[in-house]
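Chains as they are written, first to last, in numbering that gives the first Met the number 0: chain Y, 0 to 521; chain R, 0 to 554; chain B, 0 to 359.
For glycine and all other residues, C-beta sits at the position ideal for the given N, C-alpha and C.
For reference, the structure is listed below as structure tokens.
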Amino acid sequence: MSGYRLGMDVGGTNTDAVVMDRDMNILGAAKYPTTPDIATGIFESMDRALSQSSVAPGEIERVMVGTTQCLDALEQRKRLARVGAIRIGLPCSAEVPPFIDWPEDLKAACEGGWAVVGGGFEYDGRPMADLDEAALGRALSEFKRKGVESIAITCVFSPVATAHERRAAEMVKRAFGPDFPVTLSHEIGSMGLIERENSALLNATLVKVADLAAGGLKRALLERGIVASCYFAQNDGSAMSLSCATKYPVLTIGSGAANSIKGAGFLSGLRDCIVIDVGGTSTYVGVLVKGCLRESVGATRIAGVRTNFRIPDVVSLNLGGGSVVAKDGGRARILEDSVGYELTRSALAWGGDTFTLTDAALALGKLGVKDPACDRRRLDGIDTTLCRKALALVQKRVEDAIELVREGNQHAVAVLVGGASDMLPEYLSGVSEVYRPPHREYANAVGAAIARVSGQVDRLWVYGESEREETLRIVVAKAVEQAIRAGAAPGTVNVAEIEETPLSYLSEDAVRVKVKAWGEPS
Amino acid sequence: MNRPELQKAAHILTFVSLLTGAQGFVADCGGRVLASAGGYDRTSLPPDHPARSVLGSDSVYMIPDESRSVFAVYFPVLSAGECLGVLGLETECKETGERLARAGQSIQALADMMRTGPGGSQHAFVPEGPLVQAVIEMLDEPVAVIDATGRLTHLNQAGISLFGRGAIGEWFEDRFPGSGFTAAWARLRGEGKSFVNVDLDLPEGEYRATLRAARSGPRTVGVVLTVRPDSREPGSPGWRFTFDEIKGTSPAIRKAKEMARKVASTDSTVLLLGESGTGKELFARAIHGHSFRASKPFVAINCAAIPESLLESELFGYEGGAFTGARPGGKPGKFEVANGGTVFLDEIGDMPLVLQAKLLRVLQDKEVERVGGIRPVSVDVRVISASHKDLEELVMKGAFREDLYYRLAVIPLHIPALRERKEDLYLLLEHYLRRYRTLYSKTPKRLSSEVLKVLFDYDWPGNVRELENTVEYIVNMESGDLVTLDSLPPRFARLIARETTGDPGMSIESAEADAIRRALEIYGTSARGKEKAARALGIHRATLYRKLKKLGIDA
Amino acid sequence: MYVDLSELEALRLGATVLGSGGGGDTYLSYLLAREAVKKHGPVRLLQVHELPDDALVIPTAMMGSPMIMNERVPSGKEALTSLRTVEKQLGRQALATMPIEAGGLNAFTALTAAARGGLPVVDGDGMGRAFPELQMCTFHVYGVAGSPVAVTSEQGHSVVIESAENPMLERLARATVAGMGGVGYIAAYPMSGKQVKEASVAGTLSLGIRIGQALLSAERKRSHPAGALLDAFAQSTYGQGMVLLEGRVTALERQRARRVTVEGHESYARQTLEVEFRYENLIARLDGRVVSTVPELIVFLHYETGMPLLTEELRPGMRVICLSVPTPEITVTEEALAVFGPKAFGYDCEFRSARKDGWR
């Protein structure tokens, strides 16, 4: 076994690739603009990294990919599938229908109708009502008439009992065919009907994007003769198999930030640091605490939708190498727009007509770009004062973000990663030192490459003191099984965390148990 | 660190210089990069690099590093005994290396320089100069700058009014012995904190203050002491009154507060109109407290409470020998005392016409002339006046000068009567209930629905002041937890009678008699007790005496 | 005064603050109230003193586990059904409803019932905060009979409970709720206007709205949330509260002893705050000394966002601001403390207020 792995990051601007050996040494790394078809960008960067490393494609054993494609699709309301929502739980919940409290434009871009039907369970798993299959059947024919492309099914207390969701899924498959995408809420979210349903709906609307990304990747790998097992990075920084990722794309939504923070930790060798990842379209400022990602607290809004899965706690700024700089009187302004992957066409240094932050940094000699198409001489005569002002603005916004995340730690080291991070100055307020590790422009891809595979179980249990040990053993076993299903090698799986929360204001001893297990990819 | 300087220095040196942070990441590197050293640009020091042994220590490290055939010297950059990084100099040339070793002291000085000076992350403390004065003047709360020896070097205006100008140049402990300052300072230094909070025990009372250390490297070069504005007792010098003191969330009071807040930042003359007891003086104080004159005096005078004959000298002062009984040296008037600040003229409608003319001149010329004085003294004051009388009507009747009226009423502000904001009654009742039960160490109380009804139906001609007195009375009268009708002052008797029917005449009389008896039990039957009882009952002292006679109460 | 959409939004935060760490997440109950107000129009808020003495008021609330409620989303009509059931029992129509608990999600339960039933809601409640049991309220303390209690489930089942003893009512209602699957919607403590005036904590809904507005405006202006919150309380019957500590959560025990430990930073450095909680925060100890106890509000705000935190949202490493706010006089009388003071929660300590003295 050679143990080589390929880490990739398909970002909004660039597609990065790194080749690493068994001992996590970086053998080759490359970058290429992300292409609309995804595959070309993957090809180009992968080929370059491979040839640099002199590892043969056939020797690659694992491919680990991180992507922001899903998040971008949601933010831009593009390439979303039309989703039909099934909620099982009448007579409960009629007053707050599916898609409630969603941003109107997102709802318009993906809602394909909804139905609330009878069924559901009690918190101890007893059925509350029988599944109303007749009503479900009527709803499905209505969905068919409307042409929905994906269906999400959410049942009351499905994290405790899954039967009604599974039965409904069977009916969907029978009506729409076996390959029709169905999202079951219990496979994605935890307790909290509205939040779990929202997660399922978001997942269902992302299946097209996920297929596109996975398809592009598979095609590229196949064509290069790579027969490795394939993983996608998810929100907590762990990885899941490609087939899992196409089923649960919503779980990749926070992976961009997770990968850069983990990658920065790996490259710097630090377990505690502030990470600043300046990419092409956005900048993340996050924290690594004792080698772990700090996760968000409580409900999180994703693209304006309330969900309850945890994502990395980062401050993201609409700011990157491709951000457009405008002159506003004597001042510089950084526009919300980014030229994204069109940087190499639109930016001034590439002969385009858009003044970007990359141009400003190049003009001041802060950035070195290896692309031969980029010519610094095109920037001669540019207003360097404006450039300086633009970069000062970037510094200010990054320092403000550091202030938000730094937890009062005066002696934190800031690790700068990302392709455009060199435009930040040597010294930033709020941190004691600034460190730019080698290979920093590939932190995302590195973060993906080093990911382990995880499984998680989040369930309600009613138990007395004597049954606690037994219950925990069952839940742990389930989490390990989940990890193995997600692609972990059996035997390498360890329990990472166990969280028990007693249910409040209830006479019985009900406890919510969360277990997470990690393992090496198989 | 003083980055630009170092960068320049590093680049002109003929040897390699490097500067790292506390964890060994290279922040800067300059000079001729040695092939053998491999260059340090933006990397971490290798784990076995000799400079690492200096990190976290305070000793200089010198070595002919034979493995890399360089001569090197590494200096810790220290601040407050903490190693912030390493300054290193390396050369391939043996002679240069020896020179470096000899120059150790001056290089350490260079390392020392890096952590201070302008532009660095640690600002040098400059204990003198007009700059410090200018900075502390920006602050509204009292600020004192104290040097390393414990001597007061600077005070801002608010600080002068608290500590006194004479304190400047004196040792704090000598001036205010036993204030707790020295102990706090010892803590500040001993525990290495950047600031500590302390209860300063000053002659005028106790103040919450913060001591912040000014450090230059490991040395504490002084402290800055700030007194928290919310810590002072009302009425003490420098106490800054805010609109938060005016309780109420009703639209009427919110509007008044909002208007007053806007007016406060201007320097216009304000006329407060409202019934007596509505809290006009609170508004005047809050406007002063929110103005740029906040740190200067606020002087209030009630034109109705001072005999006409004395009002003029009270306002404008007098020269020595101006009239019989006058102080030989003369006395400054309220306007002079308030110079720089605000003069509050309450019950301006009661000011005699003669004085109105003189006041008008003060407003126009910004000068006052003492009684019997020859030379006018220029004053800079803001005038806030108040009246519960209809001034326009007085103007029409000729009892108030029209020109003065327009001078004073540049911004008229209506302070709502309590009956215009009954929504606030709950809040005010609760506020005063808690205040007086704490003051008199009584148990917490709640109001019966009958009492609530009476209080809500009542017209409150005496406004918040009357309400406060009523609550004080109730707290003293009611021994149980539930306040009943029996505990209300007798003037509510008519309302109560209407509530309970029966023989109204009888019940009023007997209720009144009961209430008066109990009030006298609490406050005593001395003249002072009776005065207090009258105030608690919400009636005039003379009325009380009359009623005592009428009801045949023996006191 | 009317409660419309913007007031509901503010109340979400204010009710969480009043919940003192408990009372459940407000999102879902807020959504239900919002949908009801959208459909039926704003709800009139009646001041306590505006009530005629002989008016009938029937308070409403959700009882049970908020987590189960978040899963078994109600239809929104349950509490109103309970109210109508109690009306039927009494043979009289209610003039208004009111919350039993203004802290947490139950601030909205009464508003939803009011909007759907076309009733006004009384601006006040029976706790002035959140408490775990039905008899832990000023209604019970000052002699209001809880009976008859009606409990309704999402499926539309209703149960009426009668008992002369309020603690017994709590036990029976709790058992009924368990039988209904962990959540029920109740109407209880039917009372006259006179009783409302003498036995309720007045003004708590409008206070919740004002607190929320203060927090939202502090967030917009990026000013200190604790200051905004304390100012809003200072202008209320609650009075001036104080910041106990700013710092980081260093330890969190949720099993037997439920306790959170916060180490102070900056000007609070070297101070340690321990807060004991059950569902709500109950006892605050600063360097081992009890400084504030139930029924005072002990509230954690998230340091970065300024938003109030439920005890279940606390995490080790989190930066927080902890405040203590006194509660109105009606909640700290001897009778009241006997029912919901520290001893009623099994703590062997006297009631203590963080306030330095009575009023400032």
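Interface annotation, B/Asp3: not in contact with chain R, CB-CB separation never under 8 Å. Counting only runs of 4+ residues, the alpha helix (DSSP H) found wholly inside the stretch 322-377 of chain R occupies 333-336 and 352-364, in chain order. Contact between B/Leu251 and B/Leu313 holds: CB atoms are separated by about 6 Å, below the 8 Å threshold. Considering only B/Asp122, B/Leu300, B/Phe339 and B/Ile67, the residue with the shortest C-alpha distance to B/Arg209 is B/Asp122. Among the residues of chain R, none has a CB under 8 Å from the CB of B/Glu311; the nearest is roughly 32 Å distant.
Closer than 8 Å to the CB of B/Ile67 there is at least one CB belonging to chain Y. The three-state reading of DSSP puts R/Tyr73 in strand, counting E and B together. Considering only beta carbons, the part of the stretch 174-202 of chain B lying closer than 7 Å to chain R consists of Lys193, Lys196, Glu197, Ala201 and Gly202, in chain order.
Assignment of B/Asn280 by DSSP, reduced to helix, strand and coil, places it in the strand class. Across the set B/Ala201, B/Ala353 and B/Leu243, the C-alpha of B/Ala201 shows the shortest separation from the C-alpha of B/Glu49. Spatial neighbours of B/Glu169 in its own chain (CB-CB distance under 7 Å, excluding positions within 5 residues in sequence) are listed in chain order as Glu132, Leu133 and Gln134.
R/Phe171 and R/Trp184 have their C-alpha atoms roughly 11 Å apart. In the three-state reduction of the DSSP assignment, B/Asn105 falls in the helix class, which pools H, G and I. Note that the C-beta distance between R/Pro415 and R/Ala208 is not below 8 Å. A contact is defined here as three or more CB-CB pairs under 8 Å, and the stretch 236-243 of chain B fails this definition with respect to the stretch 37-47 of chain B. For B/Val331, the chain R residues whose Cβ falls inside 7 Å of its Cβ are Pro443, in order along the chain. Within chain B, the residues Lys193, Lys196 and Glu197 have their CB atoms less than 9 Å from the CB of R/Ser447, given in chain order. Chain-order list of chain B residues neighbouring R/Glu429: Thr236, Pro327 and Glu328, by C-beta distance under 7 Å. Per the Cβ contact rule, the stretch 102-111 of chain B is in contact with the stretch 11-29 of chain B (3 or more Cβ pairs under 8 Å). One alpha carbon belongs to R/Val336, the other to R/Phe175, and they sit about 26 Å apart. Following the DSSP letters along the chain, one finds B/Cys321 inside the beta strand (DSSP E) bounded by residues Arg318 to Val324. Y/Tyr230 sits in a strand when the DSSP states are folded into three classes. Cβ-Cβ separation between Y/Gly454 and Y/Glu480: approximately 7 Å, consistent with a contact (criterion under 8 Å). For the stretch 242-275 of chain R, the beta-carbon criterion of a distance under 8 Å to any beta-carbon of chain B is satisfied by Asp243, Lys246, Gly247 and Thr248. Listed along chain B is no residue with a C-beta nearer than 7 Å to that of R/Phe491; the closest approach is about 16 Å.
For Y/Gln51, the secondary structure class from DSSP, reduced to helix, strand or coil, is helix. Taking 8 Å as the CB threshold, B/Asp230 lines the interface with chain R. In the displayed model, B/Val159 falls within a strand according to three-state DSSP. R/Phe194 is bridged by DSSP to R/Arg211. From the listed residues R/Leu161, R/Pro411, R/Ser160 and R/Ala143, the smallest Cα separation to R/His153 is found for R/Ala143. The C-alpha of R/Gly371 is placed about 8 Å away from the C-alpha of R/Gly319. At least one C-beta of chain B is nearer than 8 Å to the C-beta of R/Phe455. The beta carbon of R/Ala283 sits closer than 6 Å to those of Phe343 and Ile383, all from its chain and outside the five residues before and after it, given in chain order.
Contacts with chain R at 8 Å (Cβ-Cβ) do not include B/Asp124. Secondary structure of B/Val143 (DSSP, three-state): coil. With its beta carbon less than 8 Å from one in chain R, B/His48 belongs to the interface.
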